[in-house]
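*Asks:* Shown below is the structure under consideration.
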Amino acid sequence: LEQNWNKFNPNKPLGSATEQERKDTLKKAKRYELQIVGDTIRENQGYDKLAKLAIEKAAKETSNIAEEISLVFDNIRNTVEIKTLREKFPNFYLIAVDCPKEERWRRVRDIYESHGQTETDFEKDDERDRGEDLPYGQQVELCVDDADIMLKNDENYPEKGFRMMKMEEKVRNHVDVLSGKKLRMPEDDEFFMSLAYTASLNSKC
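Take 33 as the starting number for the sequence shown in our numbering and just add one per residue.
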């Protein structure tokens, strides 16, 4: 926000910006710029800095809430962030969301083109997201490997709101089981993965 505000509004201090002006300025950030910001923070302030900032923000936002609530942290990009969250929250579960690259490009195409970027730029950013050869870098692929639950988000719904609603249903289905709010029979994928895991215990290696 600070970087883009100074770039696009050099004659007006950020402190006097309206909430809408702040949102509009953040939307101007390109994906690779956000990747650089994340890497720089982790490199200079600690690999767990972003996770700690998120935990602090959650504590402030829930300080006046008496009942027990569930917290959701999204956009985890580094395995140290997972480790920090697991240590802070004993009942932490990591949910990975997967979608084919072609569908992801279709969903973000307008954003990239509004920034004057192409599909080549998207593929470059996407490859960087998957995994950089840096301990403080983007490590999405390693984060996915560490996930407790994997969900598919590949439906081609034109309405973003409807797509988000369907994803929330998928997440809620698992969260309710994990929290003990409801019981259900295992789904086919869960049943057969359980069999595969049990079979793997027969290995001597």
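Heads up, the beta-carbon is just placed ideally off N, CA and C, and yes, glycines get one too. Computed from a predicted model, the values in this text were never measured in an experiment.
According to DSSP, Lys213 sits in a beta bridge with which residue or residues?
*Replies:* According to DSSP, which records beta bridges pairwise, Lys213 is partnered with nothing at all.
*Asks:* Only counting runs of 4 or more residues, tell me where the alpha helix (DSSP H) segments fall wholly within the region 143 to 189, in order along the chain.
*Replies:* If we require 4 residues or more, the alpha helix (DSSP H) runs fully inside the region 143 to 189 come out as 151 to 162 and 172 to 177.
*Asks:* Nearest by alpha-carbon distance to Lys198: which of Lys214, Leu46 and Leu183 is it?
*Replies:* Checking every option, the nearest Cα to that of Lys198 belongs to Leu183.
*Asks:* Select from Asp177, Ala179 and Arg160 the residue whose C-alpha is nearest the C-alpha of Gln170.
*Replies:* Here the closest residue by C-alpha is Arg160.
*Asks:* Pick helix, strand or coil for Ile127, following the three-state DSSP scheme.
*Replies:* The answer is strand: DSSP assigns Ile127 an E or B state.
*Asks:* Taking the straight line between their C-alpha atoms, what separation do you get for Leu66 and Arg195?
*Replies:* Rounded to the nearest angstrom, the two C-alpha atoms are 24 Å apart.
*Asks:* From this set, Phe124, Thr50 and Lys62, which residue's C-alpha is nearest Gln35's C-alpha?
*Replies:* If we check each option's Cα against that of Gln35, Lys62 comes out closest.
*Asks:* Whose CA, out of Thr111, Lys84 and Glu134, lies closest to the CA of Ala128?
*Replies:* The option with the nearest alpha carbon to Ala128 is Thr111.
*Asks:* Give the single residue among Pro132, Arg141 and Ser102 whose Cα lies nearest to the Cα of Pro122.
*Replies:* Of the candidates Pro132, Arg141 and Ser102, the one whose C-alpha sits nearest the C-alpha of Pro122 is Ser102.
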